[in-house]
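Numbering (the numbering used here), first residue to last: 6 to 524. For glycine and all other residues, C-beta sits at the position ideal for the given N, C-alpha and C.
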Amino acid sequence: MLNWRERGRMIFSAATCVAMLLSLSACGQDGDSPTPKPTGTSSSTPLSEPGTASVFLPSDGITLSQNTPLNKWTKLEKAIVDALVDQGLDNNDVSTVSSKSLDDQADAITKHLEERTERNARRQSDNGKGSTGNTPHETMIIAPVSSPDDVTRQYGDYVSQTLSRETTGNESPSTSPASPSANAANDDASQNNGVTRLVSALEQARKDGVSVILVANGIEGYKPDAFVRLSTLSSIARTQATLLASKLDLSQTTSENPKHVEIMLPANDDDAMTKEVFASIWEVLGPYYRSGVVVSPSGLLDSHSDANSWNRVTFKATDAHAVGTELSNRLGLDGKDGLPAIDGVLAMNDFVASGVVSTLSSAGYQGSAADINPQITIGGIMDNIVGNKDLKKHQVPDPRKSSASVSGEATDADGDSATDAWPIITGYGAYLSNITDVVDGAQWSTGLEDRNGYAKSIAETAVLLNAGKTLTAKDVDGTATINGDTVPLIEKTPISVSANNLKKALIDPGYIKPADAGL
Numbered sequence: 006m007l008n009w010r011e012r013g014r015m016i017f018s019a020a021t022c023v024a025m026l027l028s029l030s031a032c033g034q035d036g037d038s039p040t041p042k043p044t045g046t047s048s049s050t051p052l053s054e055p056g057t058a059s060v061f062l063p064s065d066g067i068t069l070s071q072n073t074p075l076n077k078w079t080k081l082e083k084a085i086v087d088a089l090v091d092q093g094l095d096n097n098d099v100s101t102v103s104s105k106s107l108d109d110q111a112d113a114i115t116k117h118l119e120e121r122t123e124r125n126a127r128r129q130s131d132n133g134k135g136s137t138g139n140t141p142h143e144t145m146i147i148a149p150v151s152s153p154d155d156v157t158r159q160y161g162d163y164v165s166q167t168l169s170r171e172t173t174g175n176e177s178p179s180t181s182p183a184s185p186s187a188n189a190a191n192d193d194a195s196q197n198n199g200v201t202r203l204v205s206a207l208e209q210a211r212k213d214g215v216s217v218i219l220v221a222n223g224i225e226g227y228k229p230d231a232f233v234r235l236s237t238l239s240s241i242a243r244t245q246a247t248l249l250a251s252k253l254d255l256s257q258t259t260s261e262n263p264k265h266v267e268i269m270l271p272a273n274d275d276d277a278m279t280k281e282v283f284a285s286i287w288e289v290l291g292p293y294y295r296s297g298v299v300v301s302p303s304g305l306l307d308s309h310s311d312a313n314s315w316n317r318v319t320f321k322a323t324d325a326h327a328v329g330t331e332l333s334n335r336l337g338l339d340g341k342d343g344l345p346a347i348d349g350v351l352a353m354n355d356f357v358a359s360g361v362v363s364t365l366s367s368a369g370y371q372g373s374a375a376d377i378n379p380q381i382t383i384g385g386i387m388d389n390i391v392g393n394k395d396l397k398k399h400q401v402p403d404p405r406k407s408s409a410s411v412s413g414e415a416t417d418a419d420g421d422s423a424t425d426a427w428p429i430i431t432g433y434g435a436y437l438s439n440i441t442d443v444v445d446g447a448q449w450s451t452g453l454e455d456r457n458g459y460a461k462s463i464a465e466t467a468v469l470l471n472a473g474k475t476l477t478a479k480d481v482d483g484t485a486t487i488n489g490d491t492v493p494l495i496e497k498t499p500i501s502v503s504a505n506n507l508k509k510a511l512i513d514p515g516y517i518k519p520a521d522a523g524l
């Protein structure tokens, strides 16, 4: 007899195969097909001279394990180049450079500008003395190199932050040069020098008539022609908390029959960052804990907890064993006293989620995320979130205080509450190693950036800038205030993925292959 995961895999495989056959059939039919409407920032007037583009991105970050997220710089670079070619640029008119440090990036930009000046001088000479020639306009697309810690790398390369030219550490450490404090100060000084050199190079680009699209990492005191904002750790946390609250239908839950939710928060090197991430989770889930609608299976959080309780649920996610040990110790999964009820685990990223899945499976939890409120889908939740647009302003419904019955509670064969029922587990990063867990329902959700959507909008914006257009909010996705200035903004809604939308979200756009999902 097939178990729940085998049945789920067979259903998912059959649906995928049918969709592929229908797609192939449609491709073989004669007749007109509707022309897709242009979307994004492209101009209604064709541009005869799309100009040139240069792409400066960081080298791919190193992760703790061989299981890496889909959000990698090399993949974004390829997507941007392909999108620029689609916009009419020739491959020879697009240059790319990957850098490991801010200093390397500043050097690469300076060298590129010098070579560009030399090419333009030769072009003018070839066209006759005194002639300006036919100098193509250029847009520079740059994601400044940052230095994320090991935990931040678990989310992938696309995590936005702001680079500062001010040292955050001790500029004149009294400790020995080999001490951690001295090393941290030296690292800060090196980065600050790199930021200063990079800004100088970008200012020279502006003097040379080159437009600049800044990606992911803002720079204190620098205003680009357009800014591409990617997810922050806080926005990732807030999204997962919202997904979890919606899937568990917490707004319809009562304190008489609460849900059991555990927050597994991997600690960043910077406590201030970890505190900020927890605050984003608490904005969404805090009201439910305070009212008793949600309880912590470990007891680490309760109705008296607040945004300052972040250090109670943080841990060092150094490896998969550390994740499993942390969860086992919290829940007492030694088998002596039975399994505690658990309805949801906010795991933050796929690295942690994988450890949670393995630990709960070994402990004896059974079932699938598909068993919990199947009528509530990730697509429906995201539609509601996108309708609100700004996750920071997404209103959390007041928890119910009545004793009305709650739908979606896991039960055993006798209809009793099942303490060994499989919980909702959220993650982020779309690790290939986790995709089969998502298909099986062991991990309910993962997430990633809309890489193709970003690449398309970046390319369209570059062509508009090369045409000399002054960008407005209508040309892009809006505006943002950066260093006190209003800057055109490119920003896409992150893609949230579960078993019911995995084909549409990951396979159809080409992010993964069917085989990656075990199909």
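Suppose the cutoff is 7 Å on Cβ atoms and the five residues either side in sequence are ignored; what does the same chain contact list for residue i look like?
i, result
"residue 164", "153, 157, 235, 236, 237, 238"
"residue 321", "272, 327"
"residue 62", "78, 81, 82, 103, 148"
"residue 183", "Only weak support is given to the placement of residue 183: the predicted model assigns it a pLDDT of 45, under 50, and the question is left unresolved by the model."
"residue 514", "457"
Using the rule of at least 16 other Cβ atoms within 10 Å of the residue's Cβ for burial, across every protein chain shown, is residue i buried or exposed?
i, result
"residue 177", "Bear in mind that a pLDDT of 32 at residue 177, under 50, signals an unreliable position, so the model cannot answer this."
"residue 309", "exposed"
"residue 489", "exposed"
"residue 331", "buried"
"residue 510", "buried"
"residue 432", "buried"
"residue 478", "exposed"
"residue 279", "buried"
"residue 208", "exposed"
"residue 508", "buried"
"residue 380", "exposed"
"residue 54", "exposed"
"residue 126", "exposed"
"residue 529", "Past the boundaries of the shown model lies residue 529; the chain is included only from 6 to 524, so the question cannot be answered."
"residue 482", "buried"
"residue 473", "exposed"
Which same chain residues end up closer than 6 Å to residue i when comparing Cβ atoms and leaving out the 5 residues on each side of it in sequence?
i, result
"residue 290", "246"
"residue 505", "382"
"residue 455", "497, 500"
"residue 65", "77, 78, 79"
"residue 302", "265, 267, 336, 345, 347"
"residue 442", "362, 448"
"residue 241", "433"
"residue 325", "360"
"residue 338", "368"
"residue 437", "521"
"residue 162", "66, 76, 77, 78"
"residue 282", "238, 239, 242"
"residue 1", "The requested residue 1 does not occur in the structure, where the chain is confined to residues 6 to 524."
"residue 275", "none"
Between the beta-carbon of residue i and the beta-carbon of residue j, is there less than 8 Å?
i, j, result
"residue 318", "residue 305", "yes"
"residue 350", "residue 269", "yes"
"residue 385", "residue 159", "no"
"residue 429", "residue 252", "yes"
"residue 122", "residue 94", "no"
"residue 445", "residue 366", "no"
"residue 466", "residue 231", "yes"
"residue 150", "residue 81", "no"
"residue 299", "residue 264", "yes"
"residue 90", "residue 60", "no"
"residue 495", "residue 233", "yes"
"residue 427", "residue 370", "yes"
"residue 88", "residue 464", "yes"
"residue 355", "residue 451", "yes"
"residue 167", "residue 223", "yes"
"residue 225", "residue 295", "no"
"residue 364", "residue 333", "yes"
What is the C-beta distance between residue i and residue j, in whole angstroms, given that I count them as a contact (C-beta under 8 Å)?
i, j, result
"residue 471", "residue 140", "No, residue 471 and residue 140 are not in contact; Cβ-Cβ is about 11 Å, not under 8 Å."
"residue 390", "residue 522", "24 Å between Cβ atoms; not a contact."
"residue 284", "residue 312", "5 Å"
Leaving out five residues before and five after residue i in sequence, what residues of the same chain have Cβ atoms less than 8 Å from its Cβ?
i, result
"residue 210", "114, 118, 145, 217"
"residue 219", "147, 148, 149, 227, 229, 231, 232, 233"
"residue 213", "118, 121, 122"
"residue 405", "Low confidence applies here, because residue 405 scores a pLDDT of 47, under 50, leaving its location unreliable; read the following figure in that light. Closer than 8 Å at Cβ, skipping near neighbours: 256, 257, 258, 259, 298."
Would you say residue i lies against chain D (beta-carbon separation less than 8 Å)?
i, result
"residue 82", "This model lacks chain D altogether, as it is built from one protein chain only."
Taking only runs of the alpha helix (DSSP H) that begin and end inside the segment 230–290, which ones reach a length of at least 4 residues, in chain order? The qualifying runs are 238–252.
Scan the segment 408–496 and note each continuous beta strand (DSSP E) run of 3 residues or more that stays entirely inside, going in chain order. 429–431, 451–453, 484–487, 490–495
Within the segment 98–134, ranges of the beta strand (DSSP E) (whole runs, at least 3 residues): 99–104
Report the start-end ranges of each beta strand (DSSP E) in the segment 344–394 that is 3 residues or longer and not cut off at the edges. 349–351
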